[in-house]
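First the structure, in the form of structure tokens, and then the observations on it.
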Amino acid sequence: MSAVESPIVKPEDCLHKFTPRETSKVQQHELSKTVYSHITNLHSLLSEWSNNRAKGFRVAKLVRNLNLPECEEDYFPSQMGPLMDTLLDTLNVLKNIVKDIKLVNTQLQALAKLQRSDEPVLVTWSVKLISEKVIVMYEMANKELELLEKATENIGHCRDAHLLAVYAESWRPGTYVCSDHYSYLFSEAGLPPVSCPA
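Taking the working numbering, I'd label the letters of the sequence shown as residues 11 to 208.
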């Protein structure tokens with residue numbers, strides 16, 4: 011019985027060398043579309059953020075104007091309950107927006123890792139640069155949310171007129187999240203600037 015001889019395989023023949031290849035035009039186009047989709051989502055989230063901040067500011071000013079310092083210690087005006095409910099609802103909307111910004115942030119970070127080059131996906135912006143801006147945007151929105159949580163928690167119980175003014179002013183749009191930081195990004199994507207209603 012003769013054994014069939016198998017060819018001898020050298021270790022260097024078995025090694026597969028994978029090298030990153032250039033992104034094809036089709037893949038680059040798909041990447042650009044995906045990034046554009048994330049930027050439009052981010053734009054709508056910031057618009058919603060801005061509108062809800064303005065709504066919260068109006069409600070916080072109404073709470074401030076109830077003249078709580080002049081009321082007795084255990085008395086709260088009847089308007090206080092509905093106003094605080096509205097303020098808490100607005101705060102919950104802002105929490106959901108921050109969660110959505112975090113999701114967009116995570117997805118853009120993943121896309122930045124996939125694109126090894128600094129080739130622009132918009133006119134001049136690379137995924138890495140966009141991702142860095144969105145990281146800052148998420149951190150700023152998170153800080154602003156923490157501030158609003160503290161202000162909302164305290165505004166309903168405060169009897170000091172000066173502190174009431176501080177808590178109400180913390181709801182003023184533009185404390186941390188300033189749309190001016192992202193106007194170039196949005197304009198390059200063909201989106202209008204995010205306005206801050208007063």
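A virtual CB, placed ideally from N, CA and C, is assigned to each residue, including glycine. Predicted, not measured: the structure shown is a model, and the values here were computed from it.
With respect to the 9 Å criterion, V146 and H53 are not classified as neighbours on the basis of their beta carbons.
By the Cβ test, the segment 66 to 77 is in contact with the segment 175 to 185, since at least three Cβ pairs between them sit closer than 8 Å. DSSP places S141 inside the alpha helix (DSSP H), whose first and last residues are 137 to 165.
Taking 9 Å as the cut-off, the beta carbon of T100 is found closer than this to the beta carbon of N62.
The Cβ atoms of S141 and L113 do not sit closer than 9 Å to each other. Between the alpha carbons of W135 and P87 lies a distance of about 53 Å. When the beta-carbon positions are compared, L124 and L155 stay at least 9 Å from each other.
Here P203 carries a coil assignment [DSSP, helix/strand/coil]. Here the C-alpha atom of S197 lies approximately 42 Å from the C-alpha atom of Q89.
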